[in-house]
Amino acid sequence: MIELVAITHAAAPPPPARLRAIPVGGLLAVVAPATEEEATAESLWRREELVEELMADCDLLPVRYGTRFADDEDAAQAVAARHATLAAALDHVRGAVEVSVRVIGAEPRATHAALSELARDAVERPVQPPQVLRGAYLVDRDMVDAFAARVAQLQAAQPGSQILCTGPWPPYSFSDRP
Amino acid sequence: MSTSLAEQDVALIDLVDRLLGGGVVIAGDITLAVADVDLVHVSLRALISSVAKLEEGGLE
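These protein sequences, in sequence, are chains A and B.
Following the working numbering, the numbering of the first sequence begins with 844 at its first residue and continues without gaps.
Following the working numbering, the numbering of the second sequence begins with 250 at its first residue and continues without gaps.
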């Protein structure tokens, strides 16, 4: 069994050790050996480190955790079946990373608008109190510092609020966008 | 500092959100061990308690 980890362009440099790239049209399906271990915080972080290592050198679409195939041929076939959609999604995230923001106790609409200004794309997720905003922002790599500065500015302007920002992440929330 | 501990908790929750709920869905066997469910529950509890901690201590 192999696990499909990410989709990259065929022009991407060779993946780090432990990962293998299977060419599918103009794309690469990046796979790792599947393990039988149960998911723990440690195993999830290990997986994340692999994807981030890959992301350091190229643009990619992360694949849903736990996506497994019997062999290379099966994986290639599944990727080929969605080739056009995947290529379009990869173009959409080219040169960008994802930043996560959770907001507690601040004005959600104004905060979202101020952050979206610096993002190429944005999605909002449902929230549960006390959170008032849970957003993912697709930010150009060279705009990440500006985005972080904007978060700090919004936090300073709204004392008593919490703006919890993490990233940069691989574009998990933008992998199915055109 | 309690703030940095809370930040780690938030990062773990964001990671769980993304790995288990994000990324491209491509046909294939999606296998998740039962332990995941516990992990998500633990993570959500961690966020709630982090938030409580932050609110108590303020975030100066």
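We put the beta carbon where it would ideally sit given N, CA and C, even for glycine.
Asked, Found
"Excluding the five sequence neighbours on either side, which residues of its own chain have a C-beta within less than 6 Å of the C-beta of Gln1001(A), listed in chain order?", "Ala949"
"According to the neighbour-count rule (16 or more other Cβ atoms, all chains shown, within 10 Å of its Cβ), is Ala284(B) buried or exposed?", "Bear in mind that a pLDDT of 45 at Ala284(B), under 50, signals an unreliable position, so the number given afterwards is only what the model happens to contain. That one is exposed."
"Closest to Leu997(A) by CA distance: which of His852(A), Asp917(A), Ala921(A) and Val944(A) is it?", "Val944(A)"
"Just the chain B side, please: which residues come within less than 8 Å of Asp1019(A) by C-beta, in chain order?", "Val273 and Val274"
"Are the segment 979 to 998 of chain A and the segment 953 to 962 of chain A touching by the rule of at least three beta carbon pairs closer than 8 Å?", "yes"
"Using only alpha-carbon positions, find the residue among Pro859(A), Asp900(A) and Met844(A) that is nearest to Glu1058(A).", "Outside the displayed span of chain A (844 to 1021) sits residue 1058(A), for which this structure offers no information."
"By the 8 Å beta-carbon criterion, what residues does the segment 887 to 921 of chain A contribute toward chain B?", "Leu887, Trp888, Arg890, Glu891, Leu904, Pro905, Val906, Arg907, Tyr908, Gly909, Thr910, Arg911, Phe912, Asp917, Ala918 and Ala921"
"Is the Cβ-Cβ distance between Leu862(A) and Arg911(A) less than 9 Å?", "no"
"In this structure, how does DSSP classify Glu309(B) when only helix, strand and coil are distinguished?", "With a pLDDT of 35 at Glu309(B), under the threshold of 50, the modelled position of that residue is not reliable, and the figure given next carries that caveat. Note: Glu309(B) maps to coil in three-state DSSP."
"Quick check on the DSSP output: what are the complete beta strand (DSSP E) runs of length 3 or more inside the segment 856 to 924 of chain A, in order along the chain?", "863 to 867, 870 to 876, 903 to 905 and 910 to 912"
"Residue range of the alpha helix (DSSP H) that Gln1001(A) falls in?", "Careful: Gln1001(A) lies outside any alpha helix (DSSP H) and carries neither H nor E."
"Spatial neighbours of Ala919(A) within its chain, please: C-beta separation below 7 Å, excluding the five flanking residues on both sides.", "Ile865, Val867 and Ala872"
"So who's on the other strand from His852(A), going by DSSP bridges?", "Leu870(A)"
"Taking the beta strand (DSSP E) that Arg945(A) falls in, what are its first and last residues?", "Ala939 to Ile947"
"Can you name the residues that DSSP bridges to Glu967(A)?", "Gly978(A)"
"Pull up the distance between the alpha-carbon of Gly1010(A) and that of Leu887(A), whole angstroms please.", "15 Å"
"Report buried or exposed for Gln971(A), applying the criterion of at least 16 other Cβ atoms within 10 angstroms of its Cβ.", "exposed"
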